[in-house]
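Numbering (the UniProt record's numbering), first residue to last: 1 to 249. Ideal placement from N, C-alpha and C gives every residue a C-beta, glycine not left out. Report on the structure given below.
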């Protein structure tokens with residue numbers, strides 16, 4: 001297989017880092033985007049000819065354009081995009097919600113994803129490429145105090161559906177990675193005090209019992225989808241371990 005060019009956001013840790021490492025080990029070229037540059041620089045030193053990176057906040061107006069431009073200037077094309085960045089907080093019941101805080105979360109979890117999608121579409125159309133949105137089980141369920149996060153992920157799923165119906169040459173897939181042992185899970189355990197106690201306890205005990213998923217597990221599925229997802233998956237949402245994705249594991 002010839003080397004593909006994939007943009008990965010939120011690439012400095014957790015699932016994004018796992019996705020990047022899978023792609024790089026397979027010989028692909030990767031444009032990494034994250035607010036923190038340290039881990040991106042480390043990957044650049046390990047894979048100097050395969051990595052370009054941008055240390056920037058995805059919510060800034062020009063970051064999506066800068067990321068796609070970097071991919072084109074460095075590698076000449078874009079074959080895949082992994083939209084992995086996002087935030088969990090604010091965690092608060094709707095009666096205690098700050099509308100301004102919800103707007104900031106939507107900037108991080110949805111509008112910046114929309115901006116990157118819009119910039120990437122012409123290039124992905126040309127390459128008959130893929131875009132993978134890292135979603136969440138919260139997109140289809142509900143937990144007390146998760147209104148902002150869950151609804152933003154539901155919007156992300158809808159974005160995947162609309163790319164699927166509008167762009168016949170692009171395969172767009174939304175994937176829930178499950179409960180992964182990342183900094184976001186740590187934040188949940190520390191800040192999820194407004195959750196229903198029974199729900200909160202399931203997250204806490206999953207960590208204490210060593211049942212959280214390692215980032216490399218969904219990371220491999222997401223990485224493989226970003227280069228090989230079949231067109232019949234387009235517009236759909238899956239859990240990372242769904243039977244429909246067995247061949248991507």
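Practice task
Please classify residue 130: does DSSP put it in a helix, a strand, or coil?
Solution key: strand
Exercise for the section: Rounded to whole angstroms, what's the CA-CA distance from residue 102 to residue 150? Just pull it up for me. Expected result: Going from the Cα of residue 102 to the Cα of residue 150 covers about 11 Å.
Practice task
Give a yes or no on contact between the segment 68-75 and the segment 116-124, applying the rule of three or more CB pairs nearer than 8 Å.
Solution key: yes
Practice task
Taking 8 Å as the cut-off, decide whether the C-beta atoms of residue 19 and residue 213 are in contact.
Solution key: no
Exercise for the section: Taking 8 Å as the cut-off, decide whether the C-beta atoms of residue 83 and residue 131 are in contact. Expected result: yes
Practice task
Could you name the residues of the same chain whose beta carbon sits closer than 7 Å to that of residue 22, not counting the 5 residues immediately before and after it, in chain order?
Solution key: 219, 220, 223
Problem - residue 153: first and last residue of the uninterrupted beta strand (DSSP E) it sits in - result: It is not in any beta strand (DSSP E) - residue 153 instead sits in the alpha helix (DSSP H) that spans 147-166.
Handout entry: Coil, strand or helix - residue 200 by DSSP
Key = helix
Handout entry: Option nearest residue 108 by Cα separation, candidates 37, 179, 153
Key = 153
Exercise for the section: Return the first residue and the last residue of the alpha helix (DSSP H) that residue 104 is part of. Expected result: 99-106
Practice task
To the nearest angstrom, report how far apart residue 77 and residue 52 are at their CA atoms.
Solution key: Rounded to the nearest whole angstrom, the CA to CA distance from residue 77 to residue 52 is 13 Å.
Handout entry: Which listed residue (43, 121, 191) has its alpha carbon closest to that of residue 88
Key = 191
Exercise for the section: Over the uninterrupted alpha helix (DSSP H) stretch that includes residue 73, give me the two end residues. Expected result: 63-75
Handout entry: 8 Å CB neighbourhood of residue 182 in its chain, flanking five on each side removed
Key = Excluding positions up to five away in sequence, the list reads 13, 14, 15, 215.
Exercise for the section: With a 10 Å radius around its C-beta and 16 neighbouring C-beta atoms as the bar for buried, classify residue 7 as buried or exposed. Expected result: buried
Handout entry: Distance, residue 233 Cα to residue 104 Cα
Key = 31 Å
Handout entry: Among 189, 244, 33, 161, the one whose alpha carbon lies nearest that of residue 85
Key = 33
Exercise for the section: Would you mind giving the Cβ-Cβ distance between residue 155 and residue 203, rounded to the nearest angstrom? I have them listed as a contact below 8 Å. Expected result: That pair is no contact at about 23 Å.
Problem - N-terminal and C-terminal residue of the alpha helix (DSSP H) that residue 17 is part of - result: 14-25
Problem - residue 28 versus residue 197 - alpha carbon distance - result: C-alpha separation (whole angstroms): 44 Å.
Practice task
Give me whichever residues DSSP pairs with residue 54 in a beta bridge.
Solution key: 33
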